[in-house]
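In what follows, a structure is listed as structure tokens, so that the remarks can point back to it.
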Amino acid sequence: MEDDRGGGGLIGDLDFGTSSSPASQENSRLGVGDDDDIIEESPKSGRLRIANVGGSLTVLLQIALVAWGVRQLRSVLAKRRQRAEAVQKATELPYRAVDPPGFSMLSPIAVKKMIQLDPVPHILVDVRFPSAVTDAPSPFEMAINIPEGELKAALQLSEAEWEERFPSTKKPERSDIIVFLSTKGRRAQRAANVAADLGYSGCCVLNGGLEAYEENVRSSEDQPLKFLSRDAVALLVHKNDRCGEVSEAAPPSVYLIDVRRHDERALYGHIKGSQHVPVEEMPKALSMDSGAWEKTYHFPKFDKEDTVIFQCRTCRRAAWAAQLAHDVGMERCFVYKEGVYGWRFDPSVLPYDSYEIGDAPPKPIDFEVEKVDPEAGRGELQRLGLL
């Protein structure tokens, strides 16, 4: 045992009852047992010495073993809890905001009319494997074949590389309508999402896929669209104060939707009271909820019971927009058949010839302001049940 004059270590300060000092012998003579704690003063240094701490060494070892066991048990339980939490996190789907799909669905009739009317720049892309295209050719002769796995790389080709691969088809612009085709439509939906992620805003998918296209076109009744003359539109959308003059007044349940491009509306004016939704945005716009619609277009979205009149420069784009609206359940859709080209009631609404983005805007066509024929317009509206 280290001498108690040393550095004050634990062993030097604690005596576990093995000392044979006179004090210990005196304790024995007085009948003090080993289990009793005796504190005595060190005659050399004046410090206290503990002759016995809490009993025998066996008891101390037992206490130490219990403490060690408790620590081990806590460690095991903590590890089990961590494993259980890890398993739970692995099986739970993390929360993420659900974004609307990056594409719109087009009915077979809408695709058919898009090809017939050519209302917007568009391209049809068959994303099946080449062997599938050979075995079951697409009903669309103008469709190009880009397998799903090659689509992302193809859409990132330069203009020259695209022209080399697809010499008969112009590379689509970011806002062009791209209709993706596949057998049942699932592969086309995945391809549309890929294109949308690359920034193409006009991605569409043929509803039902090619497998159902022929049957749907044959079985679906190609109902003729309903057209309105300029006199009927003037009476329905505006209140006529005096002949040749119109004032703002659209009833809440009547909407006149201008589907021309932004540049056309800005350069050549618009019919007073009309709202603006470009036709290339119409497929996606019709799938928006009311909040998203109003945030995007700054006017309330029309309901299915409302009367909606579509108009453009003439009527091609308006007719396709009316078909899209009919496909989502709008029963009271009409097309203003003369378009702004034939609207001669307002000197600020200028007629003009057709032109495309990148072309020099044509000079407006001169015209004389004409008067509304209220009798003709009223009779037309009565026949259609709109008055």
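Okay, so the sequence shown: first residue is 1 according to our numbering, each after it adds one.
Cβ coordinates follow ideal geometry from the N, Cα and C atoms, glycine included.
The structure presented is a predicted model; accordingly, all values stated were derived computationally and were not measured.
Query	Result
Do Tyr110 and Leu225 have their C-beta atoms within less than 7 Å of each other?	Rather than Tyr, the amino acid found at residue 110 in this sequence is Ala. No.
Where does Thr58 land, buried or exposed, given buried means 16+ other C-beta within 10 angstroms?	exposed
Report yes if the C-beta distance between Met142 and Val205 is below 7 Å; otherwise report no.	no
Does the beta-carbon distance from Ile144 to Phe166 come in below 7 Å?	yes
Please classify Ser75 as buried or exposed, where buried requires at least 16 other C-beta atoms within 10 Å of its C-beta.	exposed
Around the Cβ of Gly202, are there at least 16 other Cβ atoms within 10 angstroms (buried) or fewer (exposed)?	buried
With distances taken from CA atoms, which of Asp359, Val372 and Glu280 is nearest Ala322?	Glu280
Taking the C-alpha atoms as reference points, what is the distance between Leu384 and Ala285?	27 Å
Where does Gln382 sit, in a helix, a strand or coil, going by DSSP?	helix
How many angstroms separate the CA atom of Trp162 from the CA atom of Pro300?	41 Å
So, at 8 Å on beta carbons, what are the nonlocal neighbours of Asp373 in its own chain, with the 5 sequence-adjacent residues on each side left out?	Asp231
Roughly how many whole angstroms lie between the Cα atoms of Lys184 and Glu211?	6 Å
What residue ranges within the segment 292–378 form continuous beta strand (DSSP E) runs of no fewer than 3 residues, ordered along the chain?	307–311 and 333–336
One question on the structure: do Pro351 and Leu267 come within less than 7 Å of each other, judged by their Cβ atoms?	no
Nearest to Gly291 by alpha carbon, out of Phe302, Pro283 and Met282?	Phe302
Looking only at its chain, what residues have a beta carbon closer than 7 Å to the beta carbon of Thr169, apart from the 5 residues adjacent to it on each side?	Ile123 and Ile144
Would you mind working out which of Val340, Ser131, Asp118 and Arg71 sits nearest Thr314, comparing C-alpha positions?	Val340
My output table needs one value for Tyr268: the three-state DSSP class, helix, strand or coil.	helix
Drop a sphere of 10 angstroms on the beta-carbon of Tyr95, count the other beta-carbons inside from all chains shown, and report buried for 16 or more, exposed for fewer.	Note that Tyr95 has pLDDT 42, beneath the 50 cutoff, so the model's placement of it is unreliable and the number below is only indicative. Counting Cβ neighbours within 10 Å, Tyr95 comes out exposed, since fewer than 16 surround it.
Please state whether DSSP places Met288 in a helix, a strand or coil.	coil
Fully enclosed by the segment 116–172, which alpha helix (DSSP H) runs are 4 residues long or longer?	130–135, 151–155 and 159–165
Just curious, the alpha helix (DSSP H) that Val179 is in, first and last residue?	Element bounds for Val179: not the alpha helix (DSSP H) but the beta strand (DSSP E), Ile177 to Leu181.
Tell me, please, which residues DSSP counts as bridged to Ser104.	Cys204
Just list the residues that DSSP pairs Tyr255 with in beta bridges.	Val308
Excluding the 5 residues preceding and the 5 following Glu214 in the sequence, name in chain order all residues of the same chain whose CB lies nearer than 7 Å to its CB.	Pro139
Which value, in whole angstroms, describes the spacing of the CA atoms of Val233 and Val259?	16 Å
Where does Val98 sit, in a helix, a strand or coil, going by DSSP?	In this prediction, Val98 scores a pLDDT of 44, lower than 50, which makes its location untrustworthy; no coordinate-derived value is stated.
Could you give the residue range of the alpha helix (DSSP H) that holds Val277?	That residue, Val277, is in no alpha helix (DSSP H); it is neither H nor E in DSSP.
Which first and last residues belong to the alpha helix (DSSP H) in which Arg230 is found?	Arg230 to Val237
Ends of the alpha helix (DSSP H) at Arg260?	Careful: Arg260 lies outside any alpha helix (DSSP H) and carries neither H nor E.
Grab the span of the alpha helix (DSSP H) containing Arg187 for me, first residue to last.	Arg186 to Asp197
Pull up the distance between the alpha-carbon of Val335 and that of Phe227, whole angstroms please.	5 Å
Less than 7 Å between the C-beta atoms of Gly269 and Ser348, yes or no?	yes
Alpha carbon to alpha carbon, what distance is there between Lys152 and Gln382?	53 Å
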